[in-house]
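Peer 1: What follows is a single structure, and I will ask about it in a moment.
There are 4 protein chains.
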Amino acid sequence: MIARDECGRVSFGRWDYLVQALIVLSLITFALETIPGLSQFHRKLLSYFEFFTVVIFSIEYLLRVILCRPSKSYAFSFFGIVDLVAILPFYISSGVDLRTVRAFRLLRLFRLLKLARYSSAMQRYHRAFMIAREELVLFGFTALIMFYLAAAGIYHFEHIVQPEIFSSVFHSFWWAIATLTTVGYGDIYPITVGGKIFTFFILMIGLGFVAVPTGLFASALSRARDEEKSESSK
Amino acid sequence: MIARDECGRVSFGRWDYLVQALIVLSLITFALETIPGLSQFHRKLLSYFEFFTVVIFSIEYLLRVILCRPSKSYAFSFFGIVDLVAILPFYISSGVDLRTVRAFRLLRLFRLLKLARYSSAMQRYHRAFMIAREELVLFGFTALIMFYLAAAGIYHFEHIVQPEIFSSVFHSFWWAIATLTTVGYGDIYPITVGGKIFTFFILMIGLGFVAVPTGLFASALSRARDEEKSESSK
Amino acid sequence: MIARDECGRVSFGRWDYLVQALIVLSLITFALETIPGLSQFHRKLLSYFEFFTVVIFSIEYLLRVILCRPSKSYAFSFFGIVDLVAILPFYISSGVDLRTVRAFRLLRLFRLLKLARYSSAMQRYHRAFMIAREELVLFGFTALIMFYLAAAGIYHFEHIVQPEIFSSVFHSFWWAIATLTTVGYGDIYPITVGGKIFTFFILMIGLGFVAVPTGLFASALSRARDEEKSESSK
Amino acid sequence: MIARDECGRVSFGRWDYLVQALIVLSLITFALETIPGLSQFHRKLLSYFEFFTVVIFSIEYLLRVILCRPSKSYAFSFFGIVDLVAILPFYISSGVDLRTVRAFRLLRLFRLLKLARYSSAMQRYHRAFMIAREELVLFGFTALIMFYLAAAGIYHFEHIVQPEIFSSVFHSFWWAIATLTTVGYGDIYPITVGGKIFTFFILMIGLGFVAVPTGLFASALSRARDEEKSESSK
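Here is the structure:
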């Protein structure tokens with residue numbers, strides 16, 4: 505059972521700034537480790553820093569577990585689990601085979617969520633999401649249908665001429681993503697006249713549908729701000 | 505004569521959820537069938553499922569035809585025709601030559617419209633479209649003129665240097681679509697100085713025009729929501 | 505001296521619909537003529553239609569010149585000049601060398617402006633443009649500075665590594681256009697680390713600046729609608 | 505200590521127009537100088553014009569330093585420093601080795617900021633930025649996290665298949681920039697199924713986050729306009 509309390513947000517004063525800085529640094533070192541051709545010395549430095557980070561995070565985790573009342577409420581709260589997942593990869597990966605380490609290391613990205621506790625932007629995003637939740641699901645689903653329709657349609661037009669690129673509706677889905685978000689990498693595009701005309705119509709109709717959830721979220725965000733202000737002025 | 509009544513929206517209680525799930529599954533299997541190199545076993549499984557789906561949809565269709573009053577009103581309503589078109593391809597395609605089957609199979613995509621009956625998002629889109637109908641036609645037409653102007657202009661600049669790519673105003677239209685929607689696949693772009701300067705101006709002017717219909721639809725959608733709320737609160 | 509009166513908007517009843525249809529058809533034939541490998545027969549058909557179109561437009565022009573009071577006011581009005589320019593290329597091109605004909609033919613695109621007389625969308629665009637004129641010039645100029653800054657910056661980063669592609673600030677300007685409008689054809693992009701970081705910052709700052717004029721025009725358009733409504737309700 | 509006064513905005517009447525025109529011309533010549541294969545004659549012409557420009561700017565700078573009261577307040581103000589930086593490269597570069605000249609020349613771009621003194625658009629941007637400062641930093645930071653998450657995620661999916669292109673999280677960051685801003689050059693894109701599905705989700709979530717700061721700035725800009733109007737009507 506996941507308890508829902510505010511304990512994970514208990515502040516330790518200046519300690520908080522240290523933890524936040526450590527999270528950011530830890531994310532940067534995660535990126536640095538992936539640079540190919542790092543010297544043995546730099547690798548060592550990065551692993552020492554990772555060790556230091558995990559120690560601090562572990563202390564923070566234990567302190568929160570011990571200090572929080574009612575007891576165990578933190579350990580089973582959202583942020584309690586996030587904090588655990590953020591340090592677990594280190595302890596597990598040292599005991600297992602090297603191959604599976606890579607996937608575990610990715611879990612360190614959950615430290616981003618640790619930042620959310622301190623970030624007021626995140627809290628507003630959360631509030632905005634709760635306001636527009638139903639509509640986002642509704643219109644997100646409609647956008648999904650638009651993607652499906654685009655993929656199934658272009659497959660019909662392009663499959664015979666470009667069997668390697670539009671080899672199934674799922675491959676065409678990749679085209680639909682790149683096109684309706686207007687990214688347009690250029691790795692996949694229609695070459696038949698029918699496919700191009702279809703693209704025109706699907707873009708004219710689809711751009712509006714795909715843009716709707718973004719617009720909904722933006723307006724929910726401004727409503728969230730107004731709510732926050734009226735709450736803080738009370 | 506197409507009768508306009510609410511009969512197609514008659515609810516059969518829990519049956520509705522089954523039908524919705526079947527529609528979604530049926531669309532997924534439509535996509536699965538297109539994967540190249542499927543085994544005989546999987547092909548069989550998918551065709552069995554398609555058979556099962558059509559049986560259920562046929563029963564639903566017949567029930568609606570029989571139960572709806574005034575009689576025949578459903579059969580000639582919008583959703584009555586959609587429901588028929590969604591199952592027809594199966595019955596027709598089993599009697600005809602294999603070559604024409606492909607085009608008929610595409611009609612199965614009309615099942616997406618069947619979903620619209622259940623989706624409140626679709627109903628709001630419909631309402632928003634009715635609110636902004638006139639303006640959408642007006643400004644959609646203006647956007648079309650913008651596309652035409654862009655195509656005719658770039659043809660003039662690029663035709664001589666890239667006769668293969670900008671071989672007619674219609675080919676240039678494809679460039680106008682990819683450029684003014686900012687997709688930019690990269691299969692067709694100006695290389696002359698004149699063409700590039702023209703692209704700059706057409707983008708500066710055109711982006712606003714193409715974005716207008718999207719903005720109109722978005723604001724119509726929020727008006728549709730307000731109308732819905734004031735209606736439901738009555 | 506260009507007189508400013510409403511005479512060009514005099515309606516000839518049903519004749520108007522014929523003229524509008526002719527303009528659209530004439531624009532389509534303009535596009536059809538560019539298709540490579542047209543048969544002699546089709547070319548002839550298109551030129552006959554062009555001849556017919558010009559005759560009708562000439563009659564319309566003469567009628568307006570004769571009927572409009574005060575006399576000559578139409579001939580020197582905006583739409584009077586547009587109407588003349590729309591038919592002139594035909595008369596001039598038959599007398600001159602074939603080489604220069606191409607450029608003159610492009611003037612036929614001015615017939616698009618003839619459509620503006622009949623289109624209420626165009627009139628609203630014009631009104632919106634007048635409302636936001638000053639701001640559009642102001643912020644359009646700022647966007648231009650943004651483009652310049654982007655071009656000059658990326659030239660500094662990429663010139664040495666890609667001297668062929670980023671060969672001058674003007675060539676880099678083409679990159680700035682494709683990037684800040686998010687078209688991204690892929691014919692020109694940074695490959696140095698510095699250039700990529702610069703692109704990141706210029707995108708973060710620039711996207712907002714380039715989007716501002718579009719937003720200004722959209723809000724002016726909605727104000728223009730309100731004005732129109734309050735005028736027509738008087 | 506940087507003094508904050510309005511002295512840098514002292515107007516010299518018609519002189520102002522000359523200075524503005526010179527700034528714009530000076531920026532154009534900066535671009536012209538980069539054209540490859542300029543003749544000796546044109547190079548000379550451009551350098552003469554640059555010399556002339558710097559003389560005028562130097563006179564303007566000295567006049568402002570002398571005339572402004574309290575004395576020295578201009579020299580240490582924001583625009584005082586901008587004016588100095590805009591002419592300094594000329595004096596310094598004539599004394600140093602040719603290699604380092606290039607970097608100094610780039611400082612001439614600061615003349616763009618000189619324009620800001622005269623531009624009311626710039627003043628409104630500044631005001632809008634001050635209004636939304638806190639929120640822009642907050643949500644700009646969130647957008648940055650989104651970029652990081654996208655880069656780290658795609659690296660995991662694509663690194664093994666495309667080790668040359670997605671060679672580190674930093675290289676993947678370049679992909680995140682091109683994708684989440686929807687530029688999509690096409691030099692870097694996922695080819696694995698996992699990477700494509702990840703791209704779909706990160707686009708669905710990320711587009712909203714990246715668009716938020718732009719929207720914030722746009723609404724701050726309209727608030728800045730209202731403030732300006734209410735101030736000028738007092």
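Residue numbers (the numbering used here), protein chains in the order written: chain A, 505 to 738; chain B, 505 to 738; chain C, 505 to 738; chain D, 505 to 738.
Don't be surprised by glycine CBs; every beta carbon is placed ideally from N, CA and C.
All values reported here derive from a predicted model rather than from experimental measurement.
Compute the Euclidean distance between the alpha carbons of Phe582 (chain C) and Cys572 (chain C), then round it to the nearest angstrom.
Peer 2: Each residue's alpha carbon lies about 14 Å from the other.
Peer 1: Is it buried or exposed for Glu639 (chain D), if we count other Cβ within 10 angstroms and need 16 for buried?
Peer 2: Glu639 (chain D) should be labelled buried.
Peer 1: Rounded to whole angstroms, what is the Cα-Cα separation between Gly719 (chain D) and Met650 (chain B)?
Peer 2: Taking the straight line joining both Cα atoms gives about 26 Å.
Peer 1: Quick check: is the beta carbon of Trp679 (chain C) nearer than 7 Å to any beta carbon in chain B?
Peer 2: Trp679 (chain C) does not count as touching chain B.
Peer 1: Between the stretch 698-717 of chain D and the stretch 649-664 of chain D, do at least 3 Cβ pairs fall closer than 8 Å?
Peer 2: In short, these stretches touch, since the Cβ pair count reaches three.
Peer 1: Should Trp519 (chain C) be labelled buried (16 or more other beta-carbon atoms within 10 Å of its own) or exposed?
Peer 2: Under this definition Trp519 (chain C) is an exposed residue.
Peer 1: Are the C-beta atoms of Phe721 (chain C) and some chain B residue less than 7 Å apart?
Peer 2: Yes, Phe721 (chain C) counts as interfacial toward chain B.
Peer 1: Under 6 Å: does the beta carbon of Ser581 (chain B) sit that close to some heavy atom of the ligand PLP?
Peer 2: No copy of the ligand PLP appears in this structure; indeed no ligand is present at all.
Peer 1: Using alpha carbons as the reference points, say which of C:Pro574, C:Ser671 and C:Val558 lies closest to Phe594 (chain C).
Peer 2: Phe594 (chain C) has its Cα closest to that of C:Val558, out of C:Pro574, C:Ser671 and C:Val558.
Peer 1: Taking the continuous alpha helix (DSSP H) assigned at Arg628 (chain B), which residues delimit it?
Peer 2: Ser624 to Glu662 is the extent of the alpha helix (DSSP H) around Arg628 (chain B).
Peer 1: Examine chain D for any beta-carbon lying closer than 7 Å to the beta-carbon of Pro540 (chain A), and answer yes or no.
Peer 2: For Pro540 (chain A), the answer is yes, since a Cβ of chain D falls inside 7 Å of its Cβ.
Peer 1: Quick one: does Ala724 (chain B) have its CB under 7 Å from some CB of chain C?
Peer 2: So no, Ala724 (chain B) is outside the interface.
Peer 1: Closer than 7 Å between beta carbons: that is the criterion. Which residues of the stretch 635-663 of chain B meet it against chain C?
Peer 2: Of all residues in the stretch 635-663 of chain B, Leu642, Phe643, Phe645, Thr646, Ile649, Tyr652, Leu653, Ala656, Tyr659 and His660 have a Cβ within less than 7 Å of some Cβ in chain C.
Peer 1: Restricting to Cα atoms, I'd like to know which of B:Arg729, B:Ala680, B:Trp679 and B:Ile692 is closest to Met634 (chain B).
Peer 2: Here the closest residue by C-alpha is B:Arg729.
Peer 1: Would you check if there are 3 or more beta carbon pairs closer than 8 Å linking the stretch 521-530 of chain B to the stretch 664-679 of chain A?
Peer 2: Touching, no, given that fewer than three Cβ pairs across the two stretches are closer than 8 Å.
Peer 1: So, helix, strand or coil for Tyr750 (chain D), using DSSP?
Peer 2: It is not possible to answer for residue 750 (chain D), since the shown part of chain D is limited to 505 through 738.
Peer 1: Would you mind working out which of B:Arg628, B:Val586 and B:Lys733 sits nearest Phe561 (chain B), comparing C-alpha positions?
Peer 2: Looking at the Cα atoms, B:Val586 is the closest of the given residues.
Peer 1: With a threshold of 7 Å between beta-carbons, can Gly584 (chain B) be considered close to chain D, or not?
Peer 2: For Gly584 (chain B), the answer is no, since every Cβ of chain D falls outside 7 Å of its Cβ.
Peer 1: Would Ser734 (chain C) be called buried (16 or more neighbouring beta carbons within 10 Å of its own) or exposed?
Peer 2: With fewer than 16 other Cβ atoms within 10 Å, it is exposed.
Peer 1: Alpha carbons only, please: which of D:Arg637, D:Gly710 and D:Ser726 is nearest the one belonging to Thr685 (chain A)?
Peer 2: When each option's Cα is compared against that of Thr685 (chain A), the closest is D:Gly710.
Peer 1: For Pro667 (chain D), count neighbouring Cβ atoms within 10 angstroms of its own Cβ and tell me buried if that reaches 16, exposed if not.
Peer 2: Counting Cβ neighbours within 10 Å, Pro667 (chain D) comes out exposed, since fewer than 16 surround it.
Peer 1: Provide the residue span of the alpha helix (DSSP H) that contains Glu554 (chain A), from first to last.
Peer 2: Per DSSP, Glu554 (chain A) belongs to the alpha helix (DSSP H) from Gln544 to Leu571.
Peer 1: Check this for me: beta carbons of Ala656 (chain B) and Leu613 (chain C), under 7 Å apart or not?
Peer 2: Contact flag set, yes.
Peer 1: Compute the beta-carbon to beta-carbon distance between Arg615 (chain D) and Ser551 (chain D), rounded to the nearest angstrom, for a pair I have assumed lies under 8 Å.
Peer 2: In fact, because the Cβ distance is near 17 Å, the residues do not count as touching under 8 Å.
Peer 1: Is Val559 (chain A) close to chain B, meaning its C-beta is less than 7 Å from at least one C-beta of that chain?
Peer 2: So, not an interface residue.
Peer 1: Can you pull the chain A residues whose beta carbon is under 9 Å from the beta carbon of Tyr693 (chain D), in chain order?
Peer 2: Result: Ala682, Val687, Tyr689, Gly690 and Asp691.
Peer 1: Look up Gly712 (chain D) in the DSSP assignment and say whether it is helix, strand or coil.
Peer 2: Here Gly712 (chain D) sits in helix by DSSP.
Peer 1: Flag Ala632 (chain D) as yes if its beta-carbon sits less than 7 Å from any beta-carbon of chain A, otherwise no.
Peer 2: By this cut-off, Ala632 (chain D) is not an interface position.
Peer 1: On a Cα-Cα basis, can you pick out the residue from D:Ala632, D:Tyr521, D:Gly644 and D:Leu707 that is closest to Arg727 (chain D)?
Peer 2: Selected option, being the one with the closest Cα: D:Ala632.
Peer 1: Anything in chain D within Cβ reach of Ser672 (chain C), meaning under 8 Å, just list it in chain order.
Peer 2: Going along chain D in sequence order, the residues near Ser672 (chain C) (Cβ under 8 Å) are Ala535, Thr538, Ile539 and Pro540.
Peer 1: Does the distance from the CB of His660 (chain C) to the CB of Leu610 (chain D) come in under 7 Å?
Peer 2: In this structure, Leu610 (chain D) lies closer than 7 Å to His660 (chain C) by Cβ.
Peer 1: Please classify Val687 (chain A): is it buried, with 16 or more other beta-carbons within 10 angstroms of its beta-carbon, or exposed?
Peer 2: The residue is buried, with at least 16 neighbouring Cβ atoms inside 10 Å.
Peer 1: Give the secondary structure of Ala722 (chain D) by DSSP, where H, G and I count as helix, E and B as strand, and everything else as coil.
Peer 2: Of the three classes helix, strand and coil, the one that applies to Ala722 (chain D) here is helix, per DSSP.
Peer 1: Between Thr696 (chain D) and Thr683 (chain D), which are expected to be in contact by the criterion C-beta below 8 Å, what is the C-beta distance as a whole number of angstroms?
Peer 2: Wrong, their Cβ atoms sit about 15 Å apart, outside the cutoff.
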